[in-house]
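Engineer:
Number of protein chains: 4
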Amino acid sequence: MIESAQTHARRYQEVRAYTYELAEPLSTEDQCIQSMADASPTKWHMAHTSWFFETLLLKPHLPGYQAFDAAFAYLFNSYYEALGPRHPRPQRGLLTRPKLDEVIAYRRHVDEAMQRLLAQSDAKLVAEIGPLVELGLNHEQQHQELILTDILHAFSCNPLLPAYQAGLAPAQPSARGAMEWLDGPTGAVGIGYAGSGFAYDNETPRHKVLLHPYQISDRLVRCGEYAAFIADGGYQRPELWLSDGWATVQREGWRAPLYWYAPDEIPLERARVEGSWQVFGLAGLQPMAPEAPVTQLSFYEAAAYAEWAGARLPTEFEWEAAWALPGMREMTCHAWQWTRSSYDPYPGFKPLAGAVGEYNGKFMVGQLVLRGGSVATPSGHTRPSYRNFFPPAARWQFSGVRLAR
Amino acid sequence: MIESAQTHARRYQEVRAYTYELAEPLSTEDQCIQSMADASPTKWHMAHTSWFFETLLLKPHLPGYQAFDAAFAYLFNSYYEALGPRHPRPQRGLLTRPKLDEVIAYRRHVDEAMQRLLAQSDAKLVAEIGPLVELGLNHEQQHQELILTDILHAFSCNPLLPAYQAGLAPAQPSARGAMEWLDGPTGAVGIGYAGSGFAYDNETPRHKVLLHPYQISDRLVRCGEYAAFIADGGYQRPELWLSDGWATVQREGWRAPLYWYAPDEIPLERARVEGSWQVFGLAGLQPMAPEAPVTQLSFYEAAAYAEWAGARLPTEFEWEAAWALPGMREMTCHAWQWTRSSYDPYPGFKPLAGAVGEYNGKFMVGQLVLRGGSVATPSGHTRPSYRNFFPPAARWQFSGVRLAR
Amino acid sequence: MIESAQTHARRYQEVRAYTYELAEPLSTEDQCIQSMADASPTKWHMAHTSWFFETLLLKPHLPGYQAFDAAFAYLFNSYYEALGPRHPRPQRGLLTRPKLDEVIAYRRHVDEAMQRLLAQSDAKLVAEIGPLVELGLNHEQQHQELILTDILHAFSCNPLLPAYQAGLAPAQPSARGAMEWLDGPTGAVGIGYAGSGFAYDNETPRHKVLLHPYQISDRLVRCGEYAAFIADGGYQRPELWLSDGWATVQREGWRAPLYWYAPDEIPLERARVEGSWQVFGLAGLQPMAPEAPVTQLSFYEAAAYAEWAGARLPTEFEWEAAWALPGMREMTCHAWQWTRSSYDPYPGFKPLAGAVGEYNGKFMVGQLVLRGGSVATPSGHTRPSYRNFFPPAARWQFSGVRLAR
Amino acid sequence: MIESAQTHARRYQEVRAYTYELAEPLSTEDQCIQSMADASPTKWHMAHTSWFFETLLLKPHLPGYQAFDAAFAYLFNSYYEALGPRHPRPQRGLLTRPKLDEVIAYRRHVDEAMQRLLAQSDAKLVAEIGPLVELGLNHEQQHQELILTDILHAFSCNPLLPAYQAGLAPAQPSARGAMEWLDGPTGAVGIGYAGSGFAYDNETPRHKVLLHPYQISDRLVRCGEYAAFIADGGYQRPELWLSDGWATVQREGWRAPLYWYAPDEIPLERARVEGSWQVFGLAGLQPMAPEAPVTQLSFYEAAAYAEWAGARLPTEFEWEAAWALPGMREMTCHAWQWTRSSYDPYPGFKPLAGAVGEYNGKFMVGQLVLRGGSVATPSGHTRPSYRNFFPPAARWQFSGVRLAR
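Top to bottom, those sequences are chains A, B, C and D. Residue numbers for the first sequence follow the numbering used here, beginning at 1 and rising by one. Residue numbers for the second sequence follow the numbering used here, beginning at 406 and rising by one. Residue numbers for the third sequence follow the numbering used here, beginning at 811 and rising by one. Residue numbers for the fourth sequence follow the numbering used here, beginning at 1216 and rising by one.
1. Between C:L1178, C:L970, C:G1183 and C:G1164, which has its C-alpha nearest C:V1083's C-alpha?
2. Please state whether DSSP places D:T1397 in a helix, a strand or coil.
3. Establish whether the CB of A:N158 and some CB of chain B are separated by less than 8 angstroms.
4. With H, G and I counted as helix, E and B as strand and the rest as coil, what does DSSP make of C:V1175?
5. Which residues bound the alpha helix (DSSP H) around C:N948?
6. Name the DSSP beta bridge partners of B:W743, please?
7. Using 8 angstroms as the threshold, is the C-beta distance between D:F1291 and D:G1351 below it?
8. Looking only at C-alpha atoms, which of C:A849, C:G1094 and C:R1181 sits nearest to C:P972?
9. Taking Cβ-Cβ distances shorter than 7 angstroms, what residues in chain A pair up with D:L1425?
10. If you count every other CB in all the chains shown that lies within 10 Å of the CB of A:A154, and 16 or more means buried, which is it?
11. I need the DSSP call for B:Q411, collapsed to helix, strand or coil.
12. Below 6 angstroms CB to CB, which residues in the same chain sit around C:P983 once its five sequence neighbours on both sides are set aside?
13. What residues of chain B sit near C:G1158, judged by a beta carbon separation below 7 angstroms?
14. Closest Cβ-Cβ distance between A:G93 and chain B: below 8 angstroms?
15. Alpha helix (DSSP H) containing D:S1432: first to last residue?
16. Does A:V356 have its Cβ less than 8 angstroms from a Cβ in chain D?
17. Whose C-beta lies closer than 8 angstroms to the C-beta of B:S622 among residues of the same chain, with five residues either side of it excluded?
18. Looking only at its chain, what residues have a beta carbon closer than 8 angstroms to the beta carbon of C:L867, apart from the 5 residues adjacent to it on each side?
19. Applying the 10 Å Cβ sphere with the 16-neighbour rule, what's the burial state of A:G348?
20. Does DSSP put C:S1209 in a helix, a strand or coil?
21. Determine, using beta carbons only, whether B:R745 comes closer than 8 angstroms to chain C.
22. For D:V1437, which residues does DSSP report across the bridge?
23. Contact defined as beta carbons within less than 8 angstroms: I believe B:L647 pairs with B:Y705. What is the distance between those atoms, to the nearest angstrom?
24. Measuring only the C-alpha atoms, how far is D:C1548 from D:R1598?
25. So that I know if they touch, is there some Cβ in chain B lying closer than 8 angstroms to that of A:K99?
26. Among the candidates D:C1247, D:P1541 and D:A1338, whose CA atom is the shortest distance from the CA of D:Q1430?
27. Under 7 angstroms Cβ-Cβ, which residues of chain A neighbour B:N435?
28. Within 10 Å of its beta-carbon, does A:T186 have 16 or more other beta-carbons around it, so buried, or fewer, so exposed?
29. Just to confirm, is the Cβ distance from D:A1570 to D:Y1295 under 8 angstroms?
30. Whole angstroms is fine: what's the gap from C:P851's alpha carbon to D:K1258's?
31. Leaving out five residues on either side along the sequence, give the residues of the same chain with a beta carbon under 7 angstroms from the beta carbon of B:L645.
32. Among D:P1240, D:A1297, D:G1405 and D:D1337, which residue has its Cα nearest to the Cα of D:K1577?
33. With DSSP as the reference, please indicate the residues paired to C:A791 in a beta bridge.
34. Can you say whether A:D122 is buried or exposed, counting buried as having 16 or more other CB atoms within 10 angstroms of its CB?
35. With a threshold of 16 other CB atoms inside 10 Å of the CB of B:E725, please say whether the residue is buried or exposed.
36. Answer yes if the region 653 to 668 of chain B comes into contact with the region 610 to 620 of chain B, meaning at least three C-beta pairs across the two stretches below 8 angstroms, and no otherwise.
Below, the structure is given as C-alpha cells:
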C-alpha cells in the first residue's frame, strides 16, 4: 500500500469506528426510530454512510465488487436524484428490516472492500479517489453529529426523557464573566477555503469581501442570559422578531428553547428535576445551568435575542474574519452559531462534478449559514471556512448565538 | 381456588400466552414501530392489555398490589378519559423505552398478580371481578387481532415487503362455485345478546327489530369477482360510489384494495411476484388468488362493489338474523363484513359503569358496523351478536363484503 | 293551461319570488361571498336553483329551448356527477363574474321558459314533469334556507357583525315554563311518507319500525338551560361527550354554540352588546335570551347536553311517531332537531331515476338525521316524515335539541 | 401653502387618483374578492392605503382630526404589530362591509384632511412629515401594482377567464433578436441609495461591495425561449432545480409558468384561444407571444431556466452595478427580475423609527431580491437601488429572468 493510501485507510478505520462508539449507548429499538421527517434513525445513518462509499467508490472503482444487497441502493439513498429513486424520507423509521445486525454486516462488507480498494490502489488511483474517500469520511462525520441530535430529539418525545449517556458532563464555558466586544478586521478580507486539505465545495472559491467596521463578542450567549430574555417577555414581544419568526412563535406556541421545560410541562413526576427551567440534553434532564452556552435555538430566536440585547448576529464573513482575533473564545466546540447570512453561493461557485454535485449546491436557498461547531461535532471536523446551514425554524441542533454590532 | 376462579385462571393463561405466540415471528425492532396513527406497535399492545388488568383489577381488588411502574399509567392508557392523561396516540412508536424486555417483565408481573388475585378470591369476589376478567381477556383478543393488522400495515410500508410468516396458508374459501341467494327471516326478530356468557355492552339490550323481506348471499365476495369490478372501471365511475367515498377515491388515489399492487407499483424488483395483481398479506406478497375472499376493503369500496353487482350490503340486523340459515357460509373465519348499518346504540343501551363505560359507547357516531370475524380473529372470540365497528374509510383490517338484496 | 299546470305555475312564481325577498337586505357584495367551503354565495344559490330547472326540465322538455349561457352548466352544477364536471365548491366565492344582474337575467330567462313550458303542457306532460317541478321548488326552498344560514356565517366572520335584518324579532318560545315529558307511541309504527303530495325519495318507502317505550320532551332546550350546561363545565368534561365530539371540542377550541360570544371575544367595541353571553343572529348581535330555543349546535353538543341533562336524543323514528302527541310543541318552526339516528337508507329505499338520483342517496353515510324545521325554513316546506341531514360537527344551521329518555 | 407642501399636495393628488383609474374596469363584486391569502381585494387596498395616511400622518399631526371610523384601525391594518391587533389576512375577502362606497367616502375623508394638513403646515412641519407623505405615496404605488397582480390572480381562478382590460396591448420587447452578453463593472462598486430623493430604508446605507468579473444579458428571457426549456423537459429534470424548487414542482404539479395553459386545462370551450400555449394576462387569454418577456415565474423556475441555459441569475449587486451599461435594455418596465441574492440587510442597516420600522426590515429572511420593475409598476416608482422581495415560490407577480454568467 502506498503511503497516502495507508493514511486514508487508517483515517477510514478511525472515523468509521467512531460511529459504533456513538451507537453504543443505544438499544436496537432506539436505533430504529425516527421522531420527525428531518431526523433519521441511527441505523439509517449507519447504512446511508456505507451506501455512500459503496455507490461512489466501490461500484465504480473496485473491480469485481459485489453489492451487499441491490435493494440498499433504493433504501439508503438520501436525496441524490442522479442516483435514482429512493425510500421517502419521512418513512425511514418504518424500516425495521433490514435488521440492525444486517446493517452492521453491510458496514463490514463495505469496510472490507474499502480496505481492499485502498490496498490495491496505485498512486494515480489514490490521487483520483482520495478526495472522494475524504468526502465520504467528512460525510460520515456529519452523520455522526446527526446521530446525536436525532436521537436526542427522539428521546425528547418520550415522556420518560431517557438520557443518552447519564454521566455526560455538559459543555463547559471557556471562562466565566462578562462578555467582551472585539474589533473585527475590516476592508477587503479573504473568505473561503484555499488550503490543500479537505474542504466542501460550498467553501470555495476563496474570494475577497469588503467588511465594514464591526465588533463581535468574544463568547457565546449563556443560558442565564437567555433566561433573562424570556423573563423580560422575549417570546411575547413581536417587535423583537422577524415577521416569519413571530408567526412561527405564535403557530408553534414557542416559549423557550426547544428542550427547555417548565416543571408543569413534564407529564411524569419521576422525570422532573429541580429548577424553574429544566433542560433536556444528552445527559438527560438537568437543571438549567446559567453559565452554559444556550443551544437548540432557531435562527428566529437567535435574531430576536440579539435584537433584545441591542446587538445583531454577525454575517458569516464577519465571523470568519474574526476567527483568529486575540481573546476570541468558544468558536468550535460548544454550539453552532447562527449568522445573519443567507446560504448563497460564493462568486464563481461550481458544484463538484457528478452525483456529489448535489451535496451542497442544491440547498442554496431558504437556509441560513451557521459557523463554528458544537459539542456533537466530531473532533477535527470543522474549519474557519466551514459553512453549516439549516432553515431558520430548525431547532434540534446544538445551535446558539454569538453577537455582533 | 374455587372452581369458577380456576376456570378464569386457566383461560387467562391461555389468552395471554397467545399474545406471545403472535409476537414470535417479530424482531424487537418490528415490535416497536407504528406506521400510522390508527395502528399501534406490538409492544404497546402487549403493555396496554396488561395495563388494563392492572388498572381495572389489580389496583382496586388485590390488596397490597404494587404497580410495576407508576409511569405506565400514563404511557399505556389508550383513550380512557376517566383514567387520566395519556401519551398521544400518534407517538406510540416513539416509545423505544421501556424496552421490550421491560414490557415482558411487566406482563409477568401482572400475570403473577392476576393469578394471585384469582387464587385468593372467594365466590363473592369472583362474581364481582369475573366479568371484568372476561372483559380484559376479550379486550386482549381484540388487540391480538390488531397486532396482526397493524404489523401488516407496517410491513406494507417497507419496500422489502417482508412476510409476517412466510409459509402461512391463505384463508381457504369454504367452497368453489357460484354464489347462492338465501332468503332471510322476516318479521320481528330478536337482535342482540341475551345469553349468560360474555358479551360487550354494545350488543345489548336484546330487542326486537322488524325485518322486511330480503335475500343474503351464502358466501363472501371473491378476489376474482372484485378484480372484475376494477376491470370494469369500478374506481373511475362516480355513479357507483357514495359521495364521501368518491371524494376519498379521488383524494387518496385509490384504484384497488389496500394491499393490491400492480407490478409497477413495487419499487424493488426482488419483492415482485407473478401476476397482474399482487396481494400483500401475512404470508408476504402473493399472486392474487381469484377464489380467496377479498379483504382490506373500506366500507366505501364494499358499498360501491355491491352497487356495481346490482345488490346492496345487508343491515347488521339482516346479517344477525341470517346467522343460522341453512347453506350460510364464511360467517366468522374469513373476513369482517361491512354492513349498511351505522354504529348506533340499541334501544335502551347503557354503557357499563365506571371507566369501562368508555369501552364502546363513546364511539357510537361516524362508524359502520362490521359483523363476523376474520382470519386474524382469535378463535372463539366472536358471536352472532358481535358488533365490530370502523370508520367508513378504514382499510387496514381484514374487512370484506357479503351481499344482500 | 290545464288546471294542475296552473297550480304548478302559480306555486313556481311564489317560491321563486321568495328568493328575491330573502336577498333584498343584501348588497351586491354581500351576495358574492363564501365564508367556508360548506357555504355558498347568495348569487350562486340564485343561479344554481335556476340551473336545476334549466337542466332537468327546460333542456329535456321544452322544444327549442336556448340555454342562457353554455358555461353555466359548468359553473352552477353543484354535485351531480351525471351532469358533467363542475366548478370546485370551495371556489364559488371567486365567481365575481357572471355579475349579479347577469344571474338575475338568467333567472328571468329560466322563469319565462318555465312558464312557457307549463302553459303548453298537456295533461300527460304535466303528469311527467309535475314531480320534477315540485322537486325543483322544494330544492329552491332548501337553498332559501341556506341563503340565510350561509350569509349569517359570512357576517359572523366580519368583525363589524352586521345584521341581516336589524329589526327581526327572534323566534318566540311557544310557552314559558318547565319542560314536560310526553309518552311516545310504542310497538310497530309506520315511518316514512305515504301520502300523495310531494316528498323526497329518502322519506320512502313507508315501513314499520318497532318502537320500545320512551318519553320525549314537549319543547326544545332553551338558551338559559344550555348556559347552565356551559356554566357547569360542559365543555370541559370529556365524560359527557362522544369521542369524536370531545376531539373536536379540543381541536377547535369550542366553548359555546357557534354564535355565542363572551364580550372579550368581540374585537370591535362598537359591535358589543350587554350581557355575559352575546348571541349573533339574523338580527345582529343580541344579549342571550334565556327563553329562546338554543340553536347553532352540532350533533356533538346536542348529545353532550342530553347526557348532562340525564337524557338522550330521540331516534328519528321516535321523533316522527311523537309528531301528533297532545302537548307536543315547537316541532317545525324554531330549530332543526338532531336525532340519535344516522342517516341510513330505509328498507327498500330506491333513489329516483336519472341525475336526480344523486339528490339524497349518495349522502347516506357519516351524517345524522335532523327532524323538524327552523326559523329559516320556508313556510310549508317540511313534513313529519322530512329527513334533514348534516355531519355531526356541522354548526352553522339553526339546529337545536329536543330530549328523550 | 409653502412650495414644498404644494409639491407634496400635487403629487398626493396624482398618486391617489391613479388608484381609482386602476379600479375603473372592475365591478363592485370584483373589488371585494380575495383569491388566496397572499392577495387582497381591491377595496381592501383602497382602504389600507388610506389607513396608512390616517394613522401615520393625520392622527399624530392634524389637530382635531376625527377618524372616519374607529373600526377601520382594526380592519385595515396590514401587519403593523406596533399599531395593534388586526383582521386576519386570509379573511380580507369576507369584508363585504364596509361597502365599496363607504371605502371611497373614507378615501375622500382622508384626502380632504391630508390636503388640509399640507395646506396648514409650516416649513418645519413639512420637513418632518414630508418623508412620511412620500412613504405613504410610495406605499400606495406598491399597492397599485398589487391591485393588478391580485385581481389577475382572482380572475385566473374564474373559469370564464375574464379580461381586466380587453384591449390592453402586452409589453413590447425592446428589440427583437439574439441576447447579448455585456461585461459588468468589477472591483469595489457603490451599492444602495445615496441621493436626496425618496428611497426605502432597505436600500441604505450605501456601501461598497466587491464585484468579481461577470457578464449580464442585455435583455430579459423571452416566452419563446422559455417554451424551449419546457419542451426540453425542464419541469421533469431534477438536476436543473434547487432542492426546494424540485419539491415544489412535484408537490404543486407545476409544468409551466403560472398563467400558461395547455388547451385541455381550460374547462370552458368559449374561454379558449389558439395555440399550444395560452397565456392569461391583463388582456385576458392570449396565444403565447414568443417575443414577449416571460413573467409569472417563481425564483425556482427562474433559477432552473438559468441552469438549463448554462448561465445563472445575477446577484442584486451585479444587477445594480450593470444598470447604466451601454446596450442594457428592459430594466424597469417589463418584469421584475429575480436575483441570486437573498433579502438580507445591508451593512449598518437601521429600520426607520416607529411603526414604519416594520415596513421592510422584519421581512429580511426567507425571501429573494427582485430588481427592476414591471408592466404593472406605476411609472417613476422604481430606482436602480430599489429592492423588491418575494419568497422563492411566489409566482403571481410579473416576475421574469435576466441571465448572468
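Ideal placement from N, C-alpha and C gives every residue a C-beta, glycine not left out. Quick caveat, the model's predicted, so the values are computed rather than measured.
Structural biologist: Taking the coordinates as given:
1. Taking the third sequence and counting its residues from 1, one reaches residue 1083 of chain C at position 273. The candidate whose alpha carbon is nearest that of C:V1083 is C:L970.
2. The residue you call residue 1397 of chain D lines up with position 182 of the fourth sequence. In the sequence under discussion, the amino acid at residue 1397 of chain D is Leu, which differs from the Thr named in the question. Reduced to three states, the DSSP call for D:L1397 is strand.
3. For the purposes of this step, residue 158 of chain A is identified with residue 158 of the first sequence, where counting begins at 1. Yes, A:N158 counts as interfacial toward chain B.
4. Within the third sequence, numbered from 1, the residue matching residue 1175 of chain C stands at position 365. Three-state DSSP puts C:V1175 in coil, outside helix and strand.
5. Start at 1 with the first residue of the third sequence, and residue 948 of chain C comes out as number 138. From DSSP, the alpha helix (DSSP H) with C:N948 extends over A933 to S966.
6. The residue labelled residue 743 of chain B in the question sits at position 338 within the second sequence. Partner(s): B:L775.
7. Indexing the fourth sequence from 1 puts residue 1291 of chain D at position 76. Indexing the fourth sequence from 1 puts residue 1351 of chain D at position 136. No; because the gap between Cβ atoms is not below 8 angstroms, this pair is not in contact.
8. The residue you call residue 972 of chain C lines up with position 162 of the third sequence. The option with the nearest alpha carbon to C:P972 is C:G1094.
9. Counted from its first residue, the fourth sequence places residue 1425 of chain D at position 210. What D:L1425 touches in chain A: A188, K208, V209 and L210.
10. On the first sequence, position 154 is the one that residue 154 of chain A refers to. Label assigned to A:A154: buried.
11. Taking the second sequence and counting its residues from 1, the one referred to as residue 411 of chain B is at position 6. Helix.
12. Counting from one through the third sequence, the residue named residue 983 of chain C turns up at place 173. These residues qualify, in order along the chain: E1101.
13. As a working mapping, residue 1158 of chain C is identified with position 348 in the third sequence. The contacting residues are H617.
14. By 1-based counting over the first sequence, the position of residue 93 of chain A is 93. Yes, A:G93 counts as interfacial toward chain B.
15. Residue 1432 of chain D sits at position 217 when you count from the first residue of the fourth sequence. Segment Q1430 to S1432 is the beta strand (DSSP E) holding D:S1432; no alpha helix (DSSP H) there.
16. Here residue 356 of chain A refers to the residue found at position 356 when the first sequence is read from its first residue. Chain D contact via Cβ: absent.
17. Numbered from its first residue, the second sequence carries residue 622 of chain B at position 217. Cβ neighbours of B:S622 beyond the five flanking positions: M584, E585, W586, L587, A716, R807, L808 and A809.
18. Here residue 867 of chain C is taken as the residue at index 57 of the third sequence, counted from 1. The residues are M924, L927, I939, L942, V943 and G946.
19. For the purposes of this step, residue 348 of chain A is identified with residue 348 of the first sequence, where counting begins at 1. Exposed, by the Cβ-count rule.
20. For the purposes of this step, residue 1209 of chain C is taken as the residue at position 399 of the third sequence. Looking at C:S1209 - three-state DSSP - the assignment turns out to be strand.
21. Residue numbering aside, residue 745 of chain B sits at position 340 when the second sequence is read from its first letter. Taking Cβ atoms only, chain C reaches closer than 8 angstroms to B:R745, which makes this a yes.
22. The residue labelled residue 1437 of chain D in the question sits at position 222 within the fourth sequence. At residue 1437 of chain D the sequence reads Arg, which differs from the Val that was named. Beta-bridge pairing links D:R1437 to D:P1508.
23. One-based indexing of the second sequence puts residue 647 of chain B at position 242. One-based indexing of the second sequence puts residue 705 of chain B at position 300. Rounded, the Cβ-Cβ distance is 6 angstroms, consistent with contact.
24. Translated into positions along the fourth sequence, residue 1548 of chain D becomes position 333. Translated into positions along the fourth sequence, residue 1598 of chain D becomes position 383. Taking the straight line joining both Cα atoms gives about 11 angstroms.
25. Counting from one through the first sequence, the residue named residue 99 of chain A turns up at place 99. Interface residue, yes.
26. Position 215 of the fourth sequence holds residue 1430 of chain D. Of the listed residues, the one whose Cα sits closest to D:Q1430 is D:P1541.
27. In the second sequence, the residue the question calls residue 435 of chain B occupies position 30. The sequence given here has Asp at residue 435 of chain B, not Asn. Simply T96.
28. Position 186 of the first sequence, counted from the first residue, corresponds to residue 186 of chain A. By the neighbour-count rule (16 or more Cβ atoms within 10 Å), A:T186 is not buried but exposed.
29. Working through the fourth sequence from its first residue, we reach residue 1570 of chain D at position 355. Working through the fourth sequence from its first residue, we reach residue 1295 of chain D at position 80. The answer is yes: Cβ separation under 8 angstroms.
30. What you label residue 851 of chain C is simply residue 41 of the third sequence in a count that begins at 1. What you label residue 1258 of chain D is simply residue 43 of the fourth sequence in a count that begins at 1. One C-alpha to the other measures close to 19 angstroms.
31. Your numbering for residue 645 of chain B matches position 240 in the second sequence. Contacts found: G639, A709, E712 and W713.
32. Residue mapping note: residue 1577 of chain D aligns to position 362 of the fourth sequence, counting from 1. Of D:P1240, D:A1297, D:G1405 and D:D1337, the residue nearest in Cα terms is D:A1297.
33. Look at the range of chain C in this structure, 811 to 1215, and you will see that residue 791 of chain C is not part of it.
34. One-based indexing of the first sequence puts residue 122 of chain A at position 122. Exposed.
35. For the purposes of this step, residue 725 of chain B is identified with residue 320 of the second sequence, where counting begins at 1. Buried is the call here.
36. no
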